[in-house]
Amino acid sequence: EQPILILSTSNGAYWHESAFLKLTGIGSTYLGTLDNSIPKSLKNILFKRLGATGLPVVLTDNILKQLWGKLLVNCSINSLSALWLCRNGDLLDNPNSKQIWKRIVHEGVEVMRLELQQEVEPLEILSLIDQVAYKTSANYSSMCEDRRRNRPNEVDYILGYLVRKAHHHDLSVPTLETLAELLKFPENSSLEQTPN
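Residue numbering for the sequence shown follows this note's numbering, beginning at 9 and increasing consecutively.
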């Protein structure tokens, strides 16, 4: 059985004038394994090589917690920026964003705790959301870009995934379910056009 290395990175970018990709924020890149089966010496070699690229790399013994944290960040920032067709930074100035983020995190952390079988601090996740929104404030999220271009978005792979995991654990997640349903509407649709 081969050990699996997992690398998770958080960088902000958006398509500028449909001609080129503009990098708007450099986040951290986390390196870890599912079961810590890779010798620390090999992880250190990979850490040094990745660090030589200029990416800020962090070795972690809990990569799954990083991945779940990133999922909750994406559920929070991508969903609202896509609904409101705004840059990530615009969410920081909107008090409604903060209230909805709290509900997303409350529901998401319950799923995360059951999946990881460990305690998760909601304030830690909320702080991470604020940090990412700030660092990528000039960025349009990928879901927002998809809505602006009237393309299918990744709602089923982000919010939908979290909702499916919640249902697996018989958890009620009304905020996540509502956001997922709202984001399935095409960009050019409106509630007035929906038949009764």
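All C-beta atoms, glycine included, are put in the ideal place defined by N, C-alpha and C.
Ends of the beta strand (DSSP E) at residue i?
| i | result |
| --- | --- |
| Pro16 | Correcting the residue type first, residue 16 is Ser in the shown sequence and not Pro. Ser16 -> beta strand (DSSP E) spans Leu13 to His24. |
| Val66 | Val65 to Leu67 |
Give a yes or no on whether the C-beta atoms belonging to residue i and residue j are separated by under 8 Å.
| i | j | result |
| --- | --- | --- |
| Ile112 | Ser149 | no |
| Gly35 | Ile14 | no |
| Ala90 | Met151 | yes |
| Val65 | Leu58 | yes |
| Ile133 | Val117 | yes |
| Leu88 | Ile108 | yes |
| Leu122 | His177 | yes |
When we look at the beta-carbon of residue i and count the other beta-carbons within 10 Å, is it buried (16 or more) or exposed?
| i | result |
| --- | --- |
| Ile12 | exposed |
| Arg159 | exposed |
| Lys173 | buried |
| Asn196 | Low confidence applies here, because Asn196 scores a pLDDT of 46, under 50, leaving its location unreliable and the question unanswered by this model. |
| Asp154 | buried |
| Ser49 | exposed |
| Tyr38 | buried |
| Asn52 | exposed |
| Phe28 | exposed |
| Asn86 | buried |
| Tyr165 | exposed |
In the DSSP assignment, the alpha helix (DSSP H) including residue i goes from what residue to what residue?
| i | result |
| --- | --- |
| Tyr142 | Pro130 to Lys143 |
| Tyr169 | Leu167 to His176 |
| Ala146 | Note, Ala146: premise wrong, no alpha helix (DSSP H); not H, not E. |
| Arg57 | Lys48 to Gly59 |
| Asn82 | Ile71 to Trp92 |
| Gly62 | Note, Gly62: premise wrong, no alpha helix (DSSP H); not H, not E. |
| Gln107 | Pro103 to Leu124 |
| Asn96 | Asn96 to Leu100 |
| Ala188 | Pro182 to Leu190 |
Tell me, to the nearest whole angstrom, how far the beta carbon of residue i is from that of residue j; I am working on the premise that it is less than 8 Å.
| i | j | result |
| --- | --- | --- |
| Gly20 | Thr144 | 3 Å |
| Ala141 | Asn82 | Not really, about 11 Å apart at Cβ, beyond 8 Å. |
| Asn161 | Leu191 | 6 Å |
| Leu184 | Glu115 | 5 Å |
Going by alpha carbons, who is nearest to residue i out of the options?
| i | options | result |
| --- | --- | --- |
| Leu136 | Lys73, Leu191, Gln125 and Trp92 | Lys73 |
| Thr17 | Thr68, Asn44 and Asn52 | Thr68 |
| Arg157 | Leu58, Leu93 and Leu79 | Leu93 |
| Thr186 | Val171, Leu179, Asp178 and His176 | Val171 |
| Asn70 | Lys56, Phe55, Leu42 and Asn86 | Leu42 |
| Leu99 | Ser180, Val181, Lys56 and Gln139 | Gln139 |
| Lys106 | Leu131, Gln125, Glu127 and Gln126 | Leu131 |
| Asn44 | Gln10, Gln125, Val128 and Glu127 | Gln10 |
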